[in-house]
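K.L.:
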Amino acid sequence: MTTAMLELQDVHTYYGNIHALKGISLTVNQGEIVTLIGSNGAGKSTTLRTISGINSPRTGHILFNGTRIDRLPAHEIVRQGILQSPEGRRIFPRLTVLENLEMGAFTRNNAVTMKEDLERVYTLFPRLRERIAQKGGTLSGGEQQMLAIGRALMGRPTVLLLDEPSMGLAPVLVEQIFTIIQDINKQGTTILLVEQNALMALAVAHRGYVLQTGLIVLSDSAAALQSNETVQKAYLGME
Amino acid sequence: MQIRIRTSMIGAAFGFAIALISGGFAGIFAGLVAGLISGYVVPQAEPLTDKRRAVGQGMIAALVGSVMTILGIVLRNMGIDPIIGEPLNILAVGIAIIGATILCVLVCVVMCVVRTEPPARERIGMAIVVGIILVTYPWLDQFLNLRFMNEVIPVLVFLLMALGLNIVVGYAGLLDLGYAAFFAIGAYAAAMVSSPHFGLSLSFWLAIWVAAATAAIFGLILGSPTLPLRGDYLAIVTLGFGEIVPIAIKNLDKVSLSIWNYPLFVDVDLTGGTKGINPINRPWLPIIGEFSPSNPIPWYFLILGIMLISIFFISRLRNSRLGRAWTALREDELAAGAMGINTVNVKLLAFAIGATFSGLAGAFYGAYISAIFPESFRFDVSVMLLCMVILGGLGNMSGVILGGIIIQFADRLFLPQMSNVVQKLIVASGNESLRDINFASDFRLLLFGLTLVLMMVLRPQGLVPSNGAPRVLPVAAGEARHD
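Here it is, written out as structure tokens:
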């Protein structure tokens, strides 16, 4: 049974005069991993920023479990259960790993459930447990990515927005991160994944959307997109 | 080892400076201060756990402190005094040296040993040591003939403001260059309701709340237009606000307001213009009666009480949810928003709460000197406060207090007294060409600037780095990180 958890209806977003999203409509169903792929400047990150309320759409609706969230401020959207691991990771460099994770649980004020969530994050990312007292800024790129995802998980997301989790990481680490993303999904978290690494993204996702200059040009199941000729040529580097 | 001696030089420098500016028995107090500050700073730089080690460390620090203090005593009493024609009292010098050494060693070692205790007991122990010194200070001052009392009260006023500014700059990372404006607003708000100016003449105890509330409201008013700004842009806007307020106060002595040609009021004197507001009611308490300008002791305990309550509140705030939100905001505003922190409210609260303490300080200051003038709240007050916060350690309350004491001590006691001494030395040497130099006023701002630059280069985290994240000025740190 699939129910639309997150739905974008004809969303237009502007940066000043620049028309960044030209009518995006997409749905994310409960329990899915949905990926947005596309080249630089296609509007992938803008879509995430629009959902999370950092940029608000000029027209169009965003529905979360059937209620509109497109006019809510960013912190309210987090409270509704939509958390993001932002582009460029954005961990707090001068706070320790533990302090970073605690910040992630800011919206919840419950020491007991926070302990449980810390355990969950440490189980997913054993490396973070080893680095618990280390400053965020001194972690390696891969560890910082783990921290960014872990921090978002601390807010108990129903929908997790991941912006380019593979950015700047070694191929081995990328595979590791994507395995963990699948684990998180299997534990019941719905995921919207923005990726330049289309190959990896389509390998873990259930469905995918292809963005081009602010428009969705293709949408299908991940398997179908993988075998789609245009996608293969443009994004998977196959001839 | 080398680091320890360098750190204990902070306390030792105090001992030396105090002994140098005041002869006679004052040297004993110099030793006490040297011991206290060394005993605080040295374990801060290197945490102590073992009692015997702590005693050793305390002894080393105290040794450095007392040697420097004795040097100051000797230089003052035997070097300077004979030249400027003060009588030399060998007995007093001897007592001062012995007293200074004993007190320095005692206080320093006790402070170091206290630091080895578990946190809760450590805090109580330190509070007892510092408390005894603070409570007995007014009588020490009289007994040792220090004559610092009239300067200590404004020092505490400025420390209170530095603590408030530390909330804005240190905790929330919002660089505010116009913070003195809230001091002015608080002082004027209290003065207006607590003086014959409008015929209101409320009690000081009510006026101080009016001042705090007014300052908080103006904190919100200043805060709201700066919400989208960061770093340097924020600094410029707050700088502007700091300039506007004193000028506005100066010119609000003939205010008329009319709506559609119906005059609501004509030529109302809001602020007294350049003449200021005078007299302002002094506080009144049973038994003590009205606080008198000639007896500083009640004033001292009043501002000390306000300080302690403020310190208590601020430290609670620091560890609250709001405090954590400020930390996140300071570290990365965008990420803070992504954590579900309402960055708008959190910023506004930082401005409002920070301003509140400045408002309290303003209300006290106005009542203390019983008059206020627009000239008392100029830009250099904001700069001095920022120096105090940065010198001690951004975001760390005890560091800010130490930094504040250093700057204020230098500004109010050391420089004026030294320039007095230097003047006398010049007169004694008969060199006429140097006569017109006034070291206190001529080099004041130069020294602030120099302090800021040196601190930024040598020790951006401040004299007493906080235990948590090392903090540097938001502009310096923030801009480097922004992509």
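The listed protein sequences derive, respectively, from chains A and B. Numbering-wise (this note's numbering), the first sequence opens with residue 43 and increments by one. Numbering-wise (this note's numbering), the second sequence opens with residue 71 and increments by one. Ideal placement from N, C-alpha and C gives every residue a C-beta, glycine not left out.
1) Assuming S264 (chain B) contacts A277 (chain B) (C-beta within less than 8 Å), just tell me the rounded distance between them.
2) Would L404 (chain B) pass as an interface residue toward chain A - the criterion being a Cβ-Cβ separation below 8 Å?
3) Taking Cβ positions, are I350 (chain B) and G410 (chain B) nearer each other than 8 Å?
4) Name the two residues that bound the continuous alpha helix (DSSP H) containing M526 (chain B).
5) So, with DSSP's three-state summary, where would you put K494 (chain B)?
6) Any C-beta of chain A sitting closer than 8 Å to the C-beta of I75 (chain B)?
7) Whose Cβ in chain B lies nearer than 8 Å to the Cβ of G146 (chain A)?
8) How big is the Cα-Cα spacing for M454 (chain B) and S136 (chain B)?
9) In angstroms with no decimal places, state the Cα-to-Cα distance between V179 (chain B) and G375 (chain B).
10) Give me the Cα-Cα distance between I96 (chain A) and A116 (chain A), rounded to the nearest whole angstrom.
11) Which class does G410 (chain B) belong to by DSSP, given the choice of helix, strand or coil?
12) Near L166 (chain A), what residues of its chain come up, given a Cβ to Cβ distance below 6 Å and the 5 sequence neighbours on each side ignored?
13) Whose CA, out of B:E221, B:P157, B:L372, B:M526, lies closest to the CA of I358 (chain B)?
14) Whole angstroms is fine: what's the gap from L267 (chain A)'s alpha carbon to V216 (chain A)'s?
15) Below 7 Å CB to CB, which residues in the same chain sit around I384 (chain B) once its five sequence neighbours on both sides are set aside?
16) Distance check for T296 (chain B) and D246 (chain B), CA to CA, integer angstroms please.
17) Within 10 angstroms of the Cβ of M280 (chain A), are there 16 or more other Cβ atoms? Answer buried if so, exposed if not.
18) Does any residue of chain A bring its CB to less than 8 Å from the CB of A546 (chain B)?
19) If we call anything under 8 Å between Cβ atoms a contact, is G250 (chain A) one with L257 (chain A)?
20) Show which residues of chain B have a CB atom less than 7 Å away from the CB atom of H117 (chain A).
21) Which residues in the same chain as Q51 (chain A) place their Cβ atom closer than 6 Å to its Cβ, once the five residues preceding and following it in sequence are excluded?
22) Sorted by chain position, which residues of the same chain lie with C-beta nearer than 7 Å to P353 (chain B)'s C-beta, five sequence neighbours on each side aside?
23) Going by C-alpha to C-alpha distance, which of B:G248, B:S92, B:V125, B:S499 sits closest to I317 (chain B)?
24) Closer than 8 Å, Cβ to any Cβ of chain A: which residues of the stretch 386-405 of chain B, in chain order?
25) For my contact list, A89 (chain B) and I143 (chain B) are in at a C-beta cut-off of 8 Å; report their separation, rounded to the angstrom.
26) In this structure, does DSSP put E549 (chain B) in helix, strand or coil?
27) Going by DSSP, name the residue or residues bridged to F106 (chain A).
28) Between which residues of its own chain and P208 (chain B) is the CB-CB distance below 6 Å, once the five residues before and five after are set aside?
29) Does chain B have any CB closer than 8 Å to the CB of S94 (chain A)?
30) Touching or not, the stretch 92-107 of chain B and the stretch 75-83 of chain B, by the rule of three or more beta carbon pairs under 8 Å?
31) With 7 Å as the C-beta to C-beta threshold (strictly closer), list the residues of the stretch 195-206 of chain A near chain B in chain order.
32) So which residues of chain B does R113 (chain A) contact, with C-beta pairs closer than 9 Å?
33) Check for me: the alpha helix (DSSP H) holding Q531 (chain B) runs from which residue to which?
34) Between L483 (chain B) and the ligand FAD, is there a pair consisting of the residue's CB and a ligand heavy atom that are separated by less than 7 Å?
35) Only counting the same chain, and skipping five residues up and downstream in sequence, which positions put a Cβ closer than 6 Å to that of L419 (chain B)?
36) Which full runs of the beta strand (DSSP E) of 3+ residues lie inside the stretch 224-260 of chain A, going along the chain?
P.N.:
The relevant details are as follows:
1) 4 Å
2) yes
3) no
4) 514-528
5) It is helical.
6) no
7) Listed along chain B, the residues sitting closer than 8 Å to G146 (chain A) by beta-carbon distance are M409.
8) 30 Å
9) Roughly 27 Å between the two C-alpha positions.
10) Their backbone Cα atoms lie some 6 Å apart in a straight line.
11) Note: G410 (chain B) maps to coil in three-state DSSP.
12) I222
13) B:L372
14) If you draw a straight line from the Cα of L267 (chain A) to the Cα of V216 (chain A), it comes to about 21 Å.
15) L233, I237, M467, listed in sequence order.
16) 10 Å
17) Exposed is the call here.
18) Residue placement at A546 (chain B) cannot be trusted, given a pLDDT of 44 that sits under 50; the coordinates are not used to answer.
19) No, these two residues do not count as a Cβ contact at 8 Å.
20) G407, G410, I411, N412
21) These residues qualify, in order along the chain: S67, G102, H103.
22) F274, W275, F361, L372, A437
23) B:G248
24) R391, R394, A395, T397, A398, E401, D402, L404, A405
25) About 5 Å separates the two Cβ atoms, so the contact holds.
26) Residue placement at E549 (chain B) cannot be trusted, given a pLDDT of 39 that sits under 50; the coordinates are not used to answer.
27) When beta bridges are read from the DSSP output, F106 (chain A) appears opposite A:L48, A:T109.
28) I367, Y370
29) Closer than 8 Å to some Cβ of chain B, the Cβ of S94 (chain A) qualifies, so yes.
30) yes
31) Along the stretch 195-206 of chain A, going in chain order, the ones with a CB nearer than 7 Å to a CB of chain B are G197.
32) Those do not exist, as R113 (chain A) stays about 15 Å from chain B at its closest Cβ, beyond 9 Å.
33) It is not in any alpha helix (DSSP H) - Q531 (chain B) carries neither H nor E in the DSSP assignment.
34) Judged by which ligands are present, the structure shown has none, so any question about the ligand FAD falls away.
35) none
36) Runs of the beta strand (DSSP E) inside the stretch 224-260 of chain A: 232-237, 249-254.
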